[in-house]
Amino acid sequence: MSQSNFKFQAPTGMKDILPEEQTYFDEIANVAKKYAQFYNFLKIDTPILEDYQLFVKGTGEITDIVEKQMYVLKTKGDEYLALRPEFTPGFVRAYFENGMVAWPHPVKLYSFGPVFRYEKPQAGRYRQFHQLNFESFGSQRPIVDIEIIWVLYNILKDLKISDLAVQVNSIGDSQCRPYYKKVLIRYLKSQERNLCQTCKKRLKINPLRILDCKEERCQQVISKAPQILDHLCEECKEHFKKVLEHLDDLDIPYILNPYLVRGLDYYTKTVFEIISQTGPEGRQNALAGGGRYDDLLKLIGKKDIPACGAAMGIERVINLMKEKGIKAPETPAPQVFIAQLGDKAKTQTLKLLEGLRKSNILTEAQLSKDSLTNQLKIANKLNVKFAVIIGEEEVLNKSVIIRDMQTGTQTSASFEKAIEKLKQKIKGQKKN
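According to my numbering, the residues represented by the sequence shown are 61 to 492, in order.
Given below as structure tokens:
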């Protein structure tokens, strides 16, 4: 069937992750796992579907995610579920539901998986995309904010992205933010005619979100807006001061951005984004972001437990790696190729493959091929060091032929001793 006659396509904004891109996903997942284990973050997988109200309550009823971007479905049992648009509310739900309140604190969790947002697909933005999340429950100390930043920052450095900086701000808490909102609203009302239509609506329901607007006309208004850093209470001011001191002590380059608010309602105090400063065409790329959310657990679970977390956008990181010419590690090439002739030889090949796997000898075999000549051509293309040949005679004799693919010399070995013989030959070649 020709491609033009095939009627099914992946849903708009969603795509297949093909084998050549899987190497990037695997590399990021492996690096993340290494850091998570070292810094004692425990792996958790939450359901892709959650109660719709969890995100309304947790993420915020008047955020773009809840208002415009969630995939919501009604089940046959009249439940309203949502494909998760982010991880954090699901983490909080799992924390309470599974009794993690009784665990030693802080409880540190991480996850890697798909999230879903219904927005206009464009370069680097998908409706199904992937995030790496790190969350820490149970401590209000500024060093916890820094630990989250530090882990994600070093993961990105380990992926060879070297031009990183942290944009950072404090958005205060329930003590000081209400007064700042009044000051901000007073200023924004005086500039209302210069705001975009979306921000005119935000002015009435969520004025802080105006600071997150990327429209040029709004950016001009924002640049002269009152800064929240001038209105922090003593507790928030001291917390933020400690965060900046830790960043200095760790030599993490940072940019103080007094208008960074992030797009979610639950943040308090520290908010941050880790950016690549020299993306293609000079643009900055936000690769990860998050902050402290000390009120969210009280909102969802009725317990006053501080928390902090952040997410990394996997597709964004992969796109940047490709644009910068950073290649994911290639799959190691096989050292051995097994060529076989006949059904009995194929069965023997499977047995041999399993033995070689247990011995950590990378091996290739083409069980669907019948011609020995064609199989050995494939072995040449793969540039393997040794070929193992199992023909009808070798099956009867319970033996194999081992061919050195560089010299063409061949030796026989019993089936039982074939793996040991290959180990010796591979070891001998490494010495040479």
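By construction, the Cβ of each residue, glycine as well, lies at the ideal position given by its N, Cα and C atoms. Just so we're clear, the structure is a prediction, and the values are computed from it rather than from any experiment.
For the beta strand (DSSP E) that residue i lies in, which residues bound it at each end?
| i | result |
| --- | --- |
| G349 | N345 to R352 |
| S428 | From DSSP, S428 is part of no beta strand (DSSP E); its letter is neither H nor E. |
| N229 | L224 to S230 |
| Y213 | Looking at the DSSP string, Y213 is not in any beta strand (DSSP E); the run it does join, the alpha helix (DSSP H), is P202 to D218. |
| R463 | S459 to D464 |
| D111 | L109 to D111 |
| K495 | Nothing can be reported for residue 495, as the shown portion of the chain is limited to 61 through 492. |
| V396 | V396 to Q400 |
| T467 | Note, T467: premise wrong, no beta strand (DSSP E); not H, not E. |
| F446 | F446 to I450 |
Checking 9 angstroms against the spacing of the C-beta atoms, do residue i and residue j come in under that value?
| i | j | result |
| --- | --- | --- |
| F189 | L169 | no |
| F176 | Y131 | yes |
| F115 | A142 | yes |
| K260 | E252 | yes |
| P286 | L244 | yes |
| G415 | I479 | yes |
| F106 | G73 | Correcting the residue identity first, residue 106 is Thr in this sequence and not Phe. No. Outside cutoff. |
| T148 | A371 | yes |
| S474 | K458 | yes |
| D364 | E295 | no |
Could you give the residue range of the alpha helix (DSSP H) that holds residue i?
| i | result |
| --- | --- |
| C296 | E294 to D309 |
| L359 | L356 to G361 |
| S474 | Segment Q470 to S474 is the beta strand (DSSP E) holding S474; no alpha helix (DSSP H) there. |
| L141 | Careful: L141 lies outside any alpha helix (DSSP H), inside the beta strand (DSSP E) at Y140 to L143. |
| A96 | P79 to F98 |
| V152 | T148 to E157 |
| T407 | D403 to K418 |
| A439 | L432 to L442 |
| K264 | Q257 to I265 |
| V281 | E276 to I282 |
Pull up the DSSP beta-bridge partners for residue i, would you.
| i | result |
| --- | --- |
| P174 | H190 |
| A371 | N193 and G349 |
| Y314 | V226 |
| V243 | V243 pairs with nothing; no bridge assigned. |
| K168 | S196 |
| Q129 | None; Q129 has no bridge partner. |
Does residue i pass the burial test, meaning 16 or more other C-beta atoms within 10 Å, or should it be called exposed?
| i | result |
| --- | --- |
| V211 | buried |
| K487 | exposed |
| Q257 | exposed |
| L268 | buried |
| A162 | exposed |
| S336 | buried |
| R417 | exposed |
| I288 | buried |
| G159 | exposed |
| A405 | buried |
| P181 | exposed |
| G468 | exposed |
| G137 | exposed |
| D354 | buried |
| E157 | exposed |
| T423 | buried |
Between residue i and chain C, is there a C-beta pair that is closer than 9 angstroms?
| i | result |
| --- | --- |
| T409 | No chain C is present in this structure, which holds just one protein chain. |
Could you give the C-beta distance for residue i and residue j, rounded to a whole number, given that I count them as a contact under 8 angstroms?
| i | j | result |
| --- | --- | --- |
| I398 | V448 | 5 angstroms |
| V228 | F101 | About 21 angstroms; that fails the 8 angstroms criterion. |
| L207 | Y99 | For the record, residue 207 in the displayed sequence is Glu; it is not Leu. Between Y99 and E207 the Cβ distance is about 7 angstroms, and since that is below 8 angstroms, they are a contact. |
| S230 | K329 | 5 angstroms |
| I334 | Q191 | With a Cβ gap of about 13 angstroms, I334 and Q191 do not count as contacting. |
| V455 | V396 | About 19 angstroms separates the two Cβ atoms, so there is no contact after all. |
| H299 | I203 | The Cβ separation is near 11 angstroms, so there is no contact. |
| D205 | R352 | 6 angstroms |
| Y239 | H291 | 6 angstroms |
| V95 | N193 | Residue identity check: residue 95 is Tyr in the sequence provided, not Val. Not quite, the Cβ-Cβ distance comes to about 13 angstroms (not below 8 angstroms), so this is no contact. |
| T409 | I450 | 6 angstroms |
| G118 | V91 | At roughly 29 angstroms, the Cβ-Cβ gap does not stay under 8 angstroms, so G118 and V91 are not in contact. |
Using 8 angstroms as the cut-off, classify the Cβ of residue i as near or not near the heavy atoms of the ligand ADP, replying yes or no.
| i | result |
| --- | --- |
| F172 | With respect to small molecules bound, the structure shown includes none, and the ligand ADP cannot be examined in it. |
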